[in-house]
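Residue numbers (my numbering): 403 to 713. Using N, Cα and C, we set each Cβ at its ideal position, and we do this for glycine too.
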Ligand SMILES: NC(=O)c1ccc[n+]([C@@H]2O[C@H](COP(=O)([O-])OP(=O)(O)OC[C@H]3O[C@@H](n4cnc5c(N)ncnc54)[C@H](O)[C@@H]3O)[C@@H](O)[C@H]2O)c1
């Protein structure tokens, strides 16, 4: 069959009616015979994704009180998920998430196995745990490898930063994966997705950012390996590498950050919005065919050696 014919759209009233009839909870599989599932017929016609059903399922967001975390909690809750918001800082989490209905706030550090496992267990008790988003922040230490005065970079500062951003992500990833692995899979064998947060500093870290860049490169590198490890359990793993996003992480007025970085972005010439991160998380959750990949979310920004601070 010529390629054009294989992909030609064949919009019809019957297909549209079938789509209407599909509803939110019906399920279909690529293995279904043609016509067995009305949604699949429409998928093939229009290329609509037939992805994971989020409504009624459970999600954990780690670092939920931060700029990216808060937007993600809101988006997943709006999609009908039971969201467990895990963060080191209960006060900040309760204050910033008070407007989002149905969120269960849990104090959990990424460095604490017991707290994280409790948060995962609490989430699993609310519905099948299908989504774990790891987007905690914290202090990133750095400095030149050898300073002008000849003093050398502190090994402790390197270790603390790698512990928080890389080991902490690994900790949340493994405990999230274990909790997801014990759920009943959907009819296609899917148990859900883990989304980690790398950074464009993983690829183009700047002067003085060695520990943070190393940690974020580690997060990026874990993506494919973890996806391979978890494939037999039906859990996907993806990572987002944000550019410069408008969040409290910079601890200085956002218009100053915008002034420094906004004009360096290729287009649009502004900081990224937390909602743009959250929307990408939702897309990753819903698109079953995204797996083992790091997606840059940066408006085309490529940082130079001296302008990577904060990313
Ligand atoms: N904002 C950006 O421009 C940007 C760019 C690239 C990558 N990132 C990455 O995205 C992630 C989130 O960034 P953000 O801007 O939302 O940060 P943020 O500072 O706004 O929020 C970070 C959150 O993590 C929580 N946290 C700190 N230590 C924790 C721990 N040990 N355990 C659990 N939670 C902890 C904090 O309480 C806070 O609520 C970080 O990993 C950051 O490196 C951010």
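Under the three-state reduction of DSSP output, residue 613 falls in the helix class. Of the heavy atoms belonging to ligand 1, at least one sits nearer than 7 Å to the Cβ of residue 537. Shortest gap from the CB of residue 490 to any heavy atom of ligand 1: under 7 Å. Looking at the backbone, the Cα of residue 656 and that of residue 681 are separated by about 21 Å. Relative to ligand 1, the beta carbon of residue 655 is positioned no closer than 7 Å to any heavy atom. In this structure, the C-beta of residue 560 stays at least 7 Å away from each heavy atom of ligand 1.
In the three-state DSSP reduction, residue 688 falls in the helix class (H, G or I). Looking from the CA of residue 485, the closest CA among 475, 494 and 491 belongs to 475.
Between the C-alpha atoms of residue 558 and residue 539 there is a straight-line separation of about 18 Å. Across the set 615, 478 and 483, the C-alpha of 615 shows the shortest separation from the C-alpha of residue 545. In terms of Cβ geometry, residue 652 and residue 659 form a close pair [threshold 8 Å].
If the five residues before and after residue 519 are omitted, its C-beta is found closer than 6 Å to the C-beta atoms of 577, all from its own chain and listed in chain order. Ligand 1 approaches residue 468 closely enough that one of its heavy atoms is under 7 Å from the residue's Cβ. Contact annotation: residue 499 and residue 676 have beta-carbon atoms that are not nearer than 8 Å. In this structure, DSSP gives residue 563 a helical state, which the three-state scheme calls helix. Under the 10 Å beta carbon count, residue 586 is surrounded by fewer than 16 other beta carbons and is classified as exposed.
Its chain contains 671 as the residues whose beta carbon lies nearer than 7 Å to that of residue 665, once the 5 sequence neighbours on both sides are disregarded; these appear in chain order. With a threshold of 7 Å, the Cβ atom of residue 566 counts as near ligand 1, since some heavy atom of the ligand is closer than that. Note that the C-beta distance between residue 594 and residue 454 is below 8 Å. Excluding sequence positions up to five before and after residue 705, its CB lies within less than 7 Å of the CB of 602, 606, 608 and 713, all in the same chain and listed in chain order.
Within its own chain, the residues whose Cβ lies closer than 6 Å to the Cβ of residue 468, once the five positions on either side in sequence are excluded, are 539, listed in chain order. Taking C-beta separations shorter than 7 Å and ignoring five residues to either side along the sequence, the partners of residue 482 in its chain run 456, 457 and 458, following chain order. A direct Cα-to-Cα measurement between residue 477 and residue 556 gives close to 40 Å. Inter-residue distance for residue 567 and residue 645 is about 16 Å (C-alpha atoms, whole angstroms).
At a threshold of 7 Å, residue 524 does not count as near ligand 1, since its beta carbon sits no closer than that to any of the ligand's heavy atoms. Residue 694 and residue 642 have their C-alpha atoms roughly 11 Å apart. Residue environment: residue 611 is assigned as buried (16 or more neighbouring CB atoms within 10 Å of its CB, all protein chains considered). Proximity of the beta carbon of residue 570 to ligand 1 is indicated: a heavy atom of the ligand is located closer than 7 Å.
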